[in-house]
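Take a look at the structure set out below.
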Amino acid sequence: FFVILALTLTRDTKDTLVVTQCGAEAIAFLKIYGVLPAATAFIALYSKMSDVFSKTTLFYATCVPFFVFFALFDMLIYPNVNRLHPSLAAVQAILPGNSQTGGMAVLANIVSHWTSALFYIVSEIYSSVSVGLLFWQFANDVVPVDQAKRFYPLFSQMSGLAPVLAGQYVVRFASKATDFSSSMHRLTAAVTFAGIMICFFYNASVKYIAKNEGVQLSASAVDGDGKKKKKPKMSMMESIKFLASSQYLRLIAALVLGYGLSINFTEVMWKSLVKKQYPNPLDYQRFMGNFSSAVGLSTCIVILFGVHVIRILGWRIGAIATPAIMAILAAPFFSCILLGLDSPTRLHIAVILGTIQSLLSKTSKYALFDPTTQMAYIPLDPDSKVKGKAAIDVLGSRIGKSGGSLIQQVLVFAFGNIISAAPVVAVIFYSVLFAWISAANKLSSLFVAQTEMGKANQQMEKEKAKAE
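All residue numbers for the sequence shown refer to my numbering, where the first residue is 7 and numbers rise by one.
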């Protein structure tokens, strides 16, 4: 709950900062030149830390620095942006070519608002780390396969309440501030509180599990004699080779890449339209707060059905549902844009259609895509879980979103803005969805085989133990 609460608040804040100051097209540039290098550095650092630290220490070492940054940004960086930011004219004078239109204008805006860009990058890394490594890694360690279909959708349902609260906090309190600086103070207070509660409940959970089930997560790096275990150390290239060597992990990566690419195509276009309708930062923030609440509420409702979809219809249907929903809902959105946005009424309709498409895409992602993807890790061995999952959840998702951003960046330079490139975006969007569905079908067969093999091995170990 608190992981998603902090994620929602920081996500809405980063979007408000970047979209209103630099334009929605800046997201495509930031994900390539900022988020991707930062994610690559983080996964290398995380891989090293996983070799050295126990799981409990690794959790805190990963979690705490993000919340320290968010607090410092509010207290030190944002109040001094006028001193820290160069003027737009000075940046445009340095950049080559025509920096007042097209892609170079986007770059000029990013450089002249570099602190907002930094906040965006850190928040994007946190969005991958918090859910993929902090929560689901812990859940995969303590929930067995036979209980996953029961509990994983319920985890998503509980987390669905967080965006509802976060969104209404933004709408009814943070966005009511006199200016955006005051709103930042209110947002950071809530984010800091969420960070404290994440650490508190993790500590309580570890102690409870150790006491009642005898699982010592904090001693994962210690062997039975109390000595430090030597974990296999892998370089960054070795980690990539490790991921590439497994068809199972490659297919999981394909699912994550598919979502990262497809959601990026429609989301940037939708946010560009939202900025046109709500140019004021507080108005934009209020709109995104209501959107986050709607995502959380609809997720809670859909998860009630999602539990039964995965349990009754199986993993395959649950995994295919998200790309299928995205494909159906994107059709009217693209159609509206292609018909033209030459009037306020058409712009308003396009924003509504884009909001519905983005809303239900995210809802199906939280309710079905996340649980089925995380379930796929459970049959794997511990080494594949830790390093393969880290590479996929952080680096894989960033490559997906950055790949989509690279394509959009090329389109911005070619067409001037992302809206004009809508026909090309639509063709690429549906191609990615087709590949995503194909990978989900292949992974389904492997997931069933791995699960059955794991159950057979457990039965053999039990029979062997009885014989001894």
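Even for Gly, the Cβ is constructed at its ideal location relative to N, Cα and C.
Item                                                                                                                                                                                  : Value
Less than 8 Å between C-beta atoms, sequence neighbours within five positions excluded: which residues of the same chain meet that for serine 56?                                     : Leu64, Lys237, Val392, Lys393, Ala396
Going by Cα to Cα distance, which pick from Val280, Leu261, Gly201 is closest to proline 377?                                                                                         : Leu261
Which of the three DSSP states is assigned to isoleucine 424 in this structure?                                                                                                       : coil
Output the boundary residues of the alpha helix (DSSP H) element that contains phenylalanine 125.                                                                                     : 120 to 134
Hey, is the region 329 to 347 in contact with the region 255 to 274, meaning 3+ C-beta pairs nearer than 8 Å?                                                                         : yes
Anyone know if the C-beta pair for serine 278 and isoleucine 424 falls short of 8 Å?                                                                                                  : yes
Work out the CA separation of valine 433 and alanine 200 for me, nearest whole Å.                                                                                                     : 40 Å
Under three-state DSSP, which class holds valine 149?                                                                                                                                 : coil
DSSP state of asparagine 286, grouped into three classes?                                                                                                                             : coil
For glutamate 31, which three-state DSSP category applies?                                                                                                                            : coil
In the DSSP assignment, the alpha helix (DSSP H) including glycine 201 goes from what residue to what residue?                                                                        : 186 to 218
Helix, strand or coil for histidine 314 per DSSP?                                                                                                                                     : helix
Can you tell me the Cβ-Cβ gap for valine 357 and glutamine 283, rounded? I've got them flagged as a contact below 8 Å.                                                                : 5 Å
Write down the C-beta distance between glutamate 130 and valine 41 rounded to the nearest angstrom, noting that I regard them as a contact closer than 8 Å.                           : 5 Å
If we ignore side chains and look at the alpha-carbon of each, how far apart do glycine 232 and tyrosine 436 end up?                                                                  : In this prediction, glycine 232 has a pLDDT of 42, which is less than 50 and means its spatial position is unreliable; what the coordinates show is noted afterwards. So the two alpha carbons sit approximately 54 Å from each other.
Please confirm if the region 293 to 309 is in contact with the region 169 to 187, defined as three or more CB-CB distances below 8 Å between the two stretches.                       : yes
Mind reading off the beta-carbon distance from arginine 322 to asparagine 447? Whole number of angstroms is fine, and I expect it under 8 Å.                                          : 7 Å
How many Å lie between tryptophan 142 and leucine 347 at the Cα?                                                                                                                      : 42 Å
For tryptophan 25, which residues of its own chain have a beta-carbon under 7 Å away from its beta-carbon, when the five flanking residues on both sides are left out?                : Checking the displayed sequence, the identity of residue 25 turns out to be valine instead of tryptophan. Within the same chain, valine 25 has close Cβ partners Lys277, Lys281, Tyr290.
Considering glycine 360, what are the terminal residues of the alpha helix (DSSP H) in which it resides?                                                                              : 350 to 370
Give the range of the alpha helix (DSSP H) segment to which lysine 61 is assigned.                                                                                                    : 61 to 78
Serine 93 by DSSP, collapsed to three states: which one?                                                                                                                              : coil
Answer yes if the region 122 to 129 comes into contact with the region 15 to 30, meaning at least three C-beta pairs across the two stretches below 8 Å, and no otherwise.            : yes
Residues in the same chain with beta-carbon distance under 6 Å from methionine 275, minus the five sequence neighbours each way, listed in chain order, please.                       : Ile424
If you follow the alpha helix (DSSP H) that lysine 54 is part of, which residue opens it and which one closes it?                                                                     : 42 to 58
Tell me which residue opens and which closes the alpha helix (DSSP H) that aspartate 376 is part of.                                                                                  : 376 to 381
Ignore the nearest five residues each way along the sequence and tell me which others in glutamine 456's own chain have a CB closer than 8 Å to its CB.                               : Tyr254, Pro385, Leu386
Taking all protein chains shown into account, do 16 or more other C-beta atoms lie within 10 angstroms of the C-beta of histidine 354, making it buried, or fewer, making it exposed? : exposed
How about serine 181 and leucine 303: do their beta carbons lie closer than 8 Å?                                                                                                      : no
Within the continuous alpha helix (DSSP H) that includes phenylalanine 340, where are the two ends?                                                                                   : 321 to 345
Skipping 5 residues on each side, what residues in its chain have a beta carbon closer than 7 Å to that of leucine 140?                                                               : Val9, Phe65, Thr68, Cys69
By Cβ distance below 7 Å, which residues in the same chain neighbour threonine 535 in space, the five residues on each side in sequence not counted?                                  : Given a span of 7 to 474 for the chain in the structure shown, any question on residue 535 remains unanswerable.
Could you check the C-alpha separation between isoleucine 202 and lysine 61 for me, to the nearest Å?                                                                                 : 18 Å
Could you say which of Leu94, Leu113, Ser211 lies nearest to valine 149 if we only look at CA atoms?                                                                                  : Ser211
Could you check the C-alpha separation between lysine 235 and alanine 216 for me, to the nearest Å?                                                                                   : With a pLDDT of 44 at lysine 235, under the threshold of 50, the modelled position of this residue cannot be trusted; read the value that follows with caution. Roughly 20 Å between the two C-alpha positions.
Please report how far the alpha carbon of phenylalanine 7 lies from the alpha carbon of phenylalanine 161, in whole angstroms.                                                        : 9 Å
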